[in-house]
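Contents: one structure, followed by commentary.
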Amino acid sequence: MEVRHLLEYWEGLKMDLACRSLYLFLDFDGTLSPIVRDPGQAVLSLRMRRRLKKLLRTGWCKIAVISGRTLEDIRGRVGIAGITYGGNHGLEVEGPEVKFRYPVPEKAGCALEDVRRTLDKALSAIPGAFLEDKGMTLTAHLRNVKRGGLLIAAHAVSEATGPHRMRGEIVVCPGREAFEIRPSVEWNKGKTVLWLLEKGTVAGRERPWPLCVGDDRTDEDAFRAIRERGLTVFVGPPRQTQARYYLKNVGEVEAFFGKLGRIRKR
Ligand SMILES: [Mg+2]
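Per numbering that gives the first Met the number 0, residue 0 is the first one in the sequence shown, and the count goes up by one each step.
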């Protein structure tokens with residue numbers, strides 16, 4: 000089915016949304032904050048912060064921000080109390096009603112440690128490339144690598160991870176001008192969303208409606224998980240996606256949250 004521009008369909012959606020409690024599952028980079036050359040410089044704008052706080056205050060909106068960053072990083076960068084934070088795509092989660100850390104198998108942990116040592120060295124020889132150690136995962140950042148260095152960097156990632164991938168200990172996922180190196184486990188953003196949704200349901204009360212917003216490949220798992228039972232929104236130019244709706248950019252996400260905050264009087 001074709002992906003629809005959410006703001007064009009807003010009037011119809013508004014009615015559906017107005018009579019339910021919502022659970023917002025939000026990505027950070029490229030969704031709440033524009034993509035920047037140096038991931039360390041990504042910030043939440045004042046307006047976006049205000050909108051999120053307002054949604055929390057309504058009392059009918061719960062929010063979880065789940066990112067590929069570490070839990071500590073994402074919590075510090077958003078820094079709003081009352082939000083549930085998920086780091087490493089949901090491998091570590093902490094919020095008002097949850098605290099969770101996925102039990103990574105020892106073999107995968109050792110494999111990541113081995114890759115970290117080899118790849119850190121290999122990438123440091125390529126201008127613009129660097130390896131980020133995110134505890135439970137690794138990211139090879141290639142955003143600032145010149146064209147000629149890209150193949151060399153990709154080769155280095157492939158070499159360093161090869162034996163461990165063959166043994167099924169780790170997986171390598173291409174991201175936004177980066178490679179994510181993760182333990183090979185049956186856990187992803189989609190499972191995290193379903194798990195949080197379950198946890199966030201008060202016994203005897205109606206389950207909140209999930210609303211998922213994201214821009215990356217990892218968000219597709221979340222879109223797939225709730226496609227039939229909630230609202231799924233891809234951020235970026237329309238493309239092949241599991242989401243039913245799209246918003247063009249971070250500015251439109253902010254506008255959407257503004258509208259959402261106004262559909263019900265407190
Ligand atoms: Mg993203």
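Where is the CB? At the ideal position from N, CA and C, for every residue including glycine.
When only Cα atoms are considered, Arg-115 and Thr-160 end up about 9 Å apart. The set of residues whose C-beta lies within less than 5 Å of a heavy atom of ligand 1 reads, in chain order, Asp-26, Asp-28, Gly-29, Asp-214, Asp-215. The three-state reading of DSSP puts Ser-32 in strand, counting E and B together.
Gly-229 has its alpha-carbon roughly 15 Å from the corresponding atom of Thr-240.
For Phe-24 against Pro-209, the beta-carbon gap comes to about 6 Å, under 8 Å, which counts as contact. Each of Ile-262, Val-234, Arg-263 was checked against the Cα of Leu-5, and the nearest Cα belongs to Val-234. As computed with DSSP, Trp-208 is found in a beta bridge with Leu-21. The beta carbon of Lys-106 is closer than 7 Å to those of Glu-168 in its chain, skipping five residues each way along the sequence. With a contact defined as Cβ atoms closer than 8 Å, Val-252 and Leu-70 miss out at about 22 Å. Glu-197 carries a helical assignment under DSSP once its states are collapsed to helix, strand and coil. In this structure, the alpha-carbon of Ala-41 lies about 6 Å from that of Val-35.
Setting aside the 5 residues that flank it on each side, Thr-136 is surrounded in the same chain by Gly-67, Asn-87, His-88, Leu-90, Leu-111, Glu-179, Ile-180, Arg-181, Pro-182, each with a C-beta closer than 8 Å to its C-beta; the list follows chain order.
Every beta strand (DSSP E) stretch that sits fully inside the stretch 122-175 and reaches 3 residues is listed by chain position as 129-132, 137-140, 169-174.
Closest by C-alpha distance to Arg-3, out of Val-184, Tyr-84, Asp-15, Arg-238, is Arg-238. Lys-61 is bridged by DSSP to Tyr-22.
The Cβ neighbour count for Arg-146, taken over all protein chains shown within 10 Å, is under 16; the residue is labelled exposed.
Out of Leu-259, Lys-190, Glu-205, Phe-255, the CA that lies nearest to the CA of Ile-225 is found in Lys-190. In this structure, DSSP gives Tyr-8 a helical state, which the three-state scheme calls helix. The beta carbon of Glu-219 is closer than 7 Å to those of Thr-240, Gln-241 in its chain, skipping five residues each way along the sequence. Take the alpha-carbon of Thr-138 and the one of Gly-250: they are about 27 Å apart.
Put simply, the backbone Cα of Gly-134 is about 20 Å away from that of Glu-176. Between Ala-155 and Leu-122 the beta-carbon gap is near 6 Å, inside 8 Å, which marks them as a contact.
Taking each of Asn-143, Lys-120, Ala-124, Ala-221 in turn and checking the Cα distance to Asp-132, the smallest one comes out for Lys-120. For Leu-259, the closest alpha carbon among the candidates Tyr-8, Leu-16, Leu-43 is that of Leu-16.
In terms of CA proximity to Lys-61, Tyr-84 leads the group Tyr-84, Gly-39, Ser-44, Met-47.
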